[in-house]
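Data block below; observations after.
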Amino acid sequence: MKTKSETPASKLIVKNLGFLFNGEVISQLLTLVLIIVISRQLGDVGLGKYSFAFSFAALFLLLADFGLPTLITKEVAKNKNLAKDHLSKTLTLKFVLNALTLLITVIVIFISKRDFETVLLVLLAGIAMFFYNFGGIFRSIVQAYESMKYEVISKAIERTIAAAVGIYLLLNGYGIVSLFLTLIISNFVYSIILYFFVSRKISKTGISFDTGYWKQTVKKSFPFWLTLIFISFYARIDTVMLGFMTDYATTGWYNAAYRIIDVFIRILFLPIIAIFPALSKFHGVSLSKTKLLYEKSFYYMLVLSVPIVTGLIFLSQKIILTIYGNQFINSVIALQILGFALFFTSMNFLMGYLLNSIDKQKLFTITTGTATVVNILLNLILIPLYSYIGAAIATVASEIINFSMLYYFTKKSNFSINILKLVAKPLIAGIIMLIGLYYLTGLSIIILPIIGAIIYFSVLFIIKGLGKEEIDLVKSFISK
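Numbering-wise, numbering that gives the first Met the number 0 puts 286 at position 287 of the sequence shown, and it's gapless, one number per residue.
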């Protein structure tokens, strides 16, 4: 079986996954350290303001995305000769869209009659996201060429600047505004580095005005754009609604838990980024290869997500108190509830990107749109009743609904998989891991995850849930 899978495509996927995994782990660790310092220096209110400002700005700034990066990745992955044309003609469009949405963001937060500091923070967050989003065009070219190391290097440098300078300023009492200014600089540097890599290593770029191309491209990218809007609202609307319906302390409790979940969401999203170009290339060429890659990816996502979810739920109190301190004890139950959502989130992204790769992105748009509407309605009902706990429950319910719809659509698209068969062995290993952790609960939070991972993967290997092929894969991308 291994000899068949050792194709150039599979080797490139593993290579890119190695770069992405190592880079994302470093980036997320730096982000988590920064969040810890924010929470400990500025408290639950400070973390609440930080989370609200970026969530609010993201709801508007991502409107300027228009699905262009996803479309470009997909199209250029099929035909590399399109890279320069796409770059030249979309850069100007991207700049105009970003500028307009930044202006709209400022107007909306101003008329919402929030306090001056909140308005200022939203403005600064919007500028930071302006630069990050502008870099999205270059990032899409890097992904299309499957040269993930350039993306990893750029992001690692950005996170290093943000964490190092931001932490220094906070520890020396410069406050939250100085942190936001630092994030503007770090995201500007991120875009410049990506531009440098793309123009020097992949394709020259320029500026071109072509309204006909813009109309055609926007029309093709519209389903991707709608999906992104729904995903953006879905991921951030709970924080914004908590900020308006409760207070910043409550928003901080919820986001302390969500930030931990977000770290693992991003890590679990890495295999999807790595395989998306391959899925797009295989589609229309070999249905059997596309199915095989999808099924294997689904299984690997289960193998990774089961121990993470069970570990997070069981060790939630130790995790929260160790990272944030006693001030965030209310975040424990939110982390336990959101842990269930994490399991479905990872599968939902994989199924959604499969639909994108086989030209059925409209179905992904429908599912994310439905889940977003359900999430907003549930938040309106549950937040007044149960505060941040209600927001967490709404997230889990929405993810389950989204999962059900995506599974139905992928099955109807001839990509049916036996979930019960695939999840059986990871679930058995996860239960045994949980039993082991229960009897060792008195140990340090640093040691427990390591022991849990050893138990889980040992059991999985014994019951033949992992073979030589999977072990070789893990070794190969960790060594990159």
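In this text, a Cβ means the ideal position worked out from N, Cα and C, and glycines have one as well.
Here the structure is a predicted model, which means the values were calculated and not measured.
By how many angstroms is the C-alpha of Arg158 removed from the C-alpha of Leu29? Residue 29 sits at position 30 when you count from the first residue of the sequence shown. Residue 158 sits at position 159 when you count from the first residue of the sequence shown. Looking at the two C-alpha atoms, the distance is approximately 6 Å.
So, Leu61 versus Ile184, is the Cβ gap smaller than 9 Å? As a working note, residue 61 is residue 62 in the sequence shown. As a working note, residue 184 is residue 185 in the sequence shown. Their beta carbons are not under 9 Å apart, which means Leu61 does not touch Ile184 by this criterion.
Under 9 Å, do Leu311 and Ile259 count as touching if we go by C-beta distance? Walking along the sequence shown from the start, residue 311 turns up at place 312. Walking along the sequence shown from the start, residue 259 turns up at place 260. Cβ distance < 9 Å, so Leu311 and Ile259 count as in contact.
Label Thr440 either buried or exposed according to how many other C-beta atoms from any shown protein chain fall within 10 Å of its C-beta, with 16 as the threshold for buried. By one-based count along the sequence shown, residue 440 stands at place 441. With fewer than 16 Cβ atoms within 10 Å of its Cβ, Thr440 is classed as exposed.
By Cβ distance below 7 Å, which residues in the same chain neighbour Tyr257 in space, the five residues on each side in sequence not counted? Here the question's residue 257 lines up with position 258 in the sequence shown. Closer than 7 Å at the Cβ level, and outside the excluded window around Tyr257, lie Leu337.
For Phe414, name the three-state secondary structure that DSSP assigns. Indexing the sequence shown from 1 puts residue 414 at position 415. Residue state, collapsed to three classes: coil.
Starting from Asn329, trace the alpha helix (DSSP H) both ways and give me its first and last residue. Reading the sequence shown from its first residue, position 330 is the one you call residue 329. It is not in any alpha helix (DSSP H) - Asn329 carries neither H nor E in the DSSP assignment.
Please report the Cβ distance between Asn347 and Asn417, rounded to the nearest whole angstrom; I am assuming they are in contact, meaning their Cβ atoms lie under 8 Å. On the sequence shown, position 348 is the one that residue 347 refers to. On the sequence shown, position 418 is the one that residue 417 refers to. Rounded, the Cβ-Cβ distance is 18 Å, inconsistent with contact.
For Asn401, name the three-state secondary structure that DSSP assigns. Numbered from 1 along the sequence shown, position 402 holds the residue referred to as residue 401. In this structure, Asn401 counts as helix in the three-state DSSP scheme.
Between the C-alpha atoms of Val395 and Ala340, what's the straight-line distance to the nearest angstrom? What you label residue 395 is simply residue 396 of the sequence shown in a count that begins at 1. What you label residue 340 is simply residue 341 of the sequence shown in a count that begins at 1. In a straight line, the C-alpha of Val395 is about 5 Å away from that of Ala340.
When the Cα atoms are used, what is the spatial distance from Gly324 to Val373? Indexing the sequence shown from 1 puts residue 324 at position 325. Indexing the sequence shown from 1 puts residue 373 at position 374. Using only the alpha carbons, I get a separation of about 33 Å.
Just to confirm, is the Cβ distance from Phe327 to Gly251 under 9 Å? Working through the sequence shown from its first residue, we reach residue 327 at position 328. Working through the sequence shown from its first residue, we reach residue 251 at position 252. Cβ distance < 9 Å, so Phe327 and Gly251 count as in contact.
Is the beta carbon of Ile357 less than 9 Å from the beta carbon of Leu278? Locating residue 357 in the sequence shown gives position 358, where the first residue counts as 1. Locating residue 278 in the sequence shown gives position 279, where the first residue counts as 1. Yes, the Cβ-Cβ distance between Ile357 and Leu278 is below 9 Å.
Would a C-beta distance cut-off of 9 Å place Ile140 and Thr238 closer than the cut-off? Counting from 1 along the sequence shown, the entry for residue 140 is found at position 141. Counting from 1 along the sequence shown, the entry for residue 238 is found at position 239. Result no, Cβ atoms of Ile140 and Thr238 do not sit closer than 9 Å.
So the candidates are Leu41, Lys218, Gly45; which of them puts its Cα closest to the Cα of Tyr247? Within the sequence shown, the letter at position 248 stands for residue 247. That would be Gly45, whose Cα lies nearest to the Cα of Tyr247.
Taking C-alpha atoms, which residue in Phe115, Ile166, Lys148, Ile156 lies nearest to Ile35? The sequence position of residue 35 within the sequence shown is 36, counting from 1. When each option's Cα is compared against that of Ile35, the closest is Ile166.
Between Tyr189, Thr367, Phe51, Ile380, which lies nearest to Leu123 when the distance is taken from Cα to Cα? Your numbering for residue 123 matches position 124 in the sequence shown. Closest option to Leu123, Cα to Cα, is Phe51.
Same chain, Cβ closer than 8 Å to Thr117, neighbours up to 5 away in sequence not counted: Numbered from its first residue, the sequence shown carries residue 117 at position 118. Within the same chain, Thr117 has close Cβ partners Lys48, Phe51, Ala52, Ile108.
Where do the ends of the alpha helix (DSSP H) carrying Lys290 lie? Mapped onto the sequence shown, residue 290 falls at position 291. Looking at the DSSP string, the run of the alpha helix (DSSP H) that includes Lys290 is 286-313.
Please check the pair Leu354 and Thr289, which I expect to be a contact at CB under 8 Å, by giving their CB distance rounded to whole angstroms. For the purposes of this step, residue 354 is identified with residue 355 of the sequence shown, where counting begins at 1. For the purposes of this step, residue 289 is identified with residue 290 of the sequence shown, where counting begins at 1. That pair is no contact at about 12 Å.
How should Tyr189 be labelled, buried or exposed, when 16 other C-beta atoms within 10 angstroms of its C-beta is the threshold for buried? To locate residue 189, count along the sequence shown from 1; it is residue 190. When all chains shown are included, Tyr189 counts as buried.
Straight-line Cα distance separating Gln360 from Thr181: As a position in the sequence shown, residue 181 is number 182, starting the count at 1. As a position in the sequence shown, residue 360 is number 361, starting the count at 1. For Thr181 and Gln360, the distance between alpha carbons rounds to 37 Å.
Please determine, among Gly464, Leu41, Ser38, the residue with the shortest C-alpha to C-alpha distance to Tyr298. As a first step, residue 298 is located in the sequence shown; it is residue number 299 there, counting from the start. Checking every option, the nearest Cα to that of Tyr298 belongs to Gly464.
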